[in-house]
Amino acid sequence: MPYAILDPTGTTTADREQSPPPRARRRANLHGATVGLLVNTKQNAAPFLDEVGRLLVGRHGAKGTIARTKVNFAAPAPEDLVKELAASCDVIITGIGDCGSCSASAVADGIVFEAAGLPAAAICSDAFKVTADAMAGLRGAPGYRYVTTPHPVAVLTPDQVKERAAQVLGDVVSLLTASE
Amino acid sequence: MTETPDPEAAQAAIEYCYAQGWSDGLPLVPASQPLVDKFLAATTARPEEVIGEIEQVGRTCTVQLAAVNAAMAGCLPEYFPVVLAAFDALMRERAARGGGWQSTSGPAPMIVVNGPVRHELGFNTAGGAFGPGFRPNATVARAIGLIVRNAFGIRPHVLEQATQGLPGRWSICLAENEEESPWPPFAADGGQPAGTSAVSATLLRTCEFVDNRHTPDPEQVLWDIADTISRTGSLIFRETSAGVVFCPEHAQMLAEAGLSKQGVQEWLMEHCGRTGADLRRAGKNGLRGIARFADPGASANDGVFSRILPSPRHVPIVVAGARNAAISMVVRIFGEWSGTATPVGPLTAALAHPTTALGVSS
């Protein structure tokens, strides 16, 4: 064959061979911890994360919560926001990954927070596991763990949101601590 | 190359491309270095120049990669400056730089070509504007799709999460019917002087025809278009953006009634919208910031008419198609049009006589 067929992707195996990104050190439990809540503006994300935060304070002894909003849900969290939360919080919860770009982005943020020393729990709708896992792979963290909740989230009533928050609580705690 | 191409070799090469996962589902033209070199010779841009980045997936596109994908899409080398301009125009769109390609809405680029390049390269400027049937229109749009798939790595079911997608994704490239349009070319709305070869682009969520061969009254035609634009199904936020691709007949009727493009835009801004009762019925009457939600208790605004198109830029107007029927198209824009057009870069000397200098095979 006189000529090779050219590859249109521009990727090489070298791109894929990276050492895994650092994982933040886990606390034994959440007593006295300040919990960051990074809300991505998707429908029901704010009440969902607020309720998870409230339950962590009420049932797991967390000291309090600091909520911030990520205005552009599709993009990675801005660097200054990551720094601020890493400085002011002990653990962080991001979400809700409930669309094509924001679920991937919630996981990407979780990986960035881990590297900044903050144990992170990204919460995604289970309809977006494939894209969330793909993003983890792209960020050099294949197999990155996050919390899922059944799809859909956007149309839940306030009471249903609270039920869902309670349902993910155990997974959130185990992901953020060294309790398992 | 022999006089008669070897079909089995071609089939094997096509299957090889499928096996690599590069295809959008249709056969690709296998790209070789000599073919891609012809694409690179068609532009003054350097091969290693980065022309687009999707930050969240950590991928970039270079001129070289765009050339490989354009070749695979079936473009001729001389189309490449149009591909580059279209890609540049699209990357000016906030939705395309953000999460648009990953979105559940599965948006389709709408590419609009203006100026002499339409005829120089043989773009269809007349009937069947939304395709198919014409190589430049079909392959320039397809090249963008292959760049997103291959250079950015955003593939269906993985990083691309379209719920249903939409007909026409990677195939809408209109060449404006400037010859039968009563108004300045679309690229002029994007800041390029009339007579410039330029490309504009935005993302669509769908398009819907307005067939009004029923009335000689231009205002009735506008009411018909306003009804289609004002559907609640496409309303997610307080405001929206919807363009109109007018057929020449509707455009000429409006112009003869004294309406400029701006006049049509202002009429539609004034008359497109819904009442609070309509919005409440569809569960979209509440507003939290700019996002709509179902607010069942709030009936106080039932009688209030909410306008949905905030500025002329949210109602882009293009003229395309044949003048054989009064059928126009409402195009529903994902996000909003940037309001810019990108000039088509100068063809290099190698392209002075494209048919002789740039046959597909040497």
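Protein chains in written order, with the numbering used here: chain S, 81 to 260; chain B, 1456 to 1817.
The beta carbon of each residue, even a glycine, is placed where N, CA and C say it ideally should be.
- In the structure shown, B/V1572 falls within a helical segment according to DSSP collapsed to helix, strand and coil.
- Within the stretch 1585-1662 of chain B, the beta strand (DSSP E) runs of at least 3 residues that lie entirely inside it are, in chain order, 1627-1630.
- Here the alpha carbons of B/G1480 and S/L86 stand approximately 18 Å from one another.
- Annotation for S/I146: T114, V115, G116, L117, L165, S168, C169 place their beta carbon closer than 8 Å to its own, counting only its chain and skipping 5 residues before and after.
- Counting C-beta atoms within 10 angstroms of its own C-beta, B/A1465 has fewer than 16 neighbours from the protein chains shown and is therefore classed as exposed.
- Around B/T1559, the beta-carbon contacts reaching into chain S at under 7 Å are C179, G180.
- Annotated as proximal: B/L1483 and B/I1469, with beta-carbon spacing under 8 Å.
- Separation of B/Q1707 and B/G1582 (C-alpha to C-alpha, rounded to the nearest whole angstrom) is 16 Å.
- By the rule that beta-carbons nearer than 8 Å mark a contact, S/P88 touches chain B.
- By the C-beta density criterion, B/N1779 is exposed, having fewer than 16 other C-beta atoms within 10 angstroms.
- Look at S/A216 here: in three-state DSSP terms it is helix.
- Scanning its chain for C-beta atoms nearer than 6 Å, with the 5 sequence neighbours on each side dropped, one finds around B/T1515 the residues V1505, E1508, in chain order.
- Residue-level contact by beta carbon holds for S/I85 and chain B, with a gap shorter than 8 Å.
- With fewer than 16 other CB atoms across the displayed protein chains lying within 10 angstroms of its CB, B/Q1717 is exposed.
- Taking C-beta atoms as the reference points, B/T1651 and B/G1728 fail to come closer than 8 Å.
- Not flagged as an interface residue toward chain B: S/A167, since no C-beta distance is shorter than 8 Å.
- Closer than 8 Å to the CB of B/V1538 there is not a single CB belonging to chain S.
- By the neighbour-count definition (other C-beta atoms within 10 Å, threshold 16), B/H1769 is a buried residue.
- Interface annotation, B/C1472: in contact with chain S, CB-CB separation under 8 Å.
- For B/Q1466, the nearest beta carbon of chain S is not closer than 8 Å to its own beta carbon.
- Counting only runs of 3+ residues, the beta strand (DSSP E) found wholly inside the stretch 134-166 of chain S occupies 144-149, in chain order.
- Residue contact check for B/S1487 against chain S: a CB pair falls below 8 Å.
- In the three-state reduction of the DSSP assignment, B/I1684 falls in the helix class.
- Judged by beta-carbon spacing, B/P1587 lies beyond the 8 Å limit of B/G1577, meaning their Cβ atoms are not closer than that value.
- Between S/A202 and S/G175 a beta carbon distance of about 6 Å is seen, short of the 8 Å cut, so the two are scored as contacting.
- CA-to-CA, the gap between S/E131 and S/V252 works out to about 12 Å.
- For S/S185, a Cβ of chain B is located within less than 8 Å of the residue's own Cβ.
- Within chain B, the residues placing a beta-carbon under 8 Å from that of S/N152 are G1553, ordered along the chain.
- When secondary structure is reduced to three states using DSSP, B/R1552 falls in the helix class.
- Listed along chain B, the residues sitting closer than 7 Å to S/V210 by beta-carbon distance are H1612, V1613.
- Listed as beta-bridge partners of B/G1698 by DSSP are B/V1786.
- The beta-carbon of B/Q1511 is placed less than 8 Å from the nearest beta-carbon of chain S.
- Using a CB distance below 9 Å, the part of the stretch 110-125 of chain S facing chain B consists of T121, Q123, ordered along the chain.
- About 23 Å separates the beta carbon of B/V1773 from that of B/V1603, a gap too long to meet the 8 Å contact definition.
- Contact with chain B is absent for S/P127, since none of that chain's Cβ atoms lies less than 8 Å from the residue's Cβ.
- Listed as beta-bridge partners of B/P1798 by DSSP are B/A1653.
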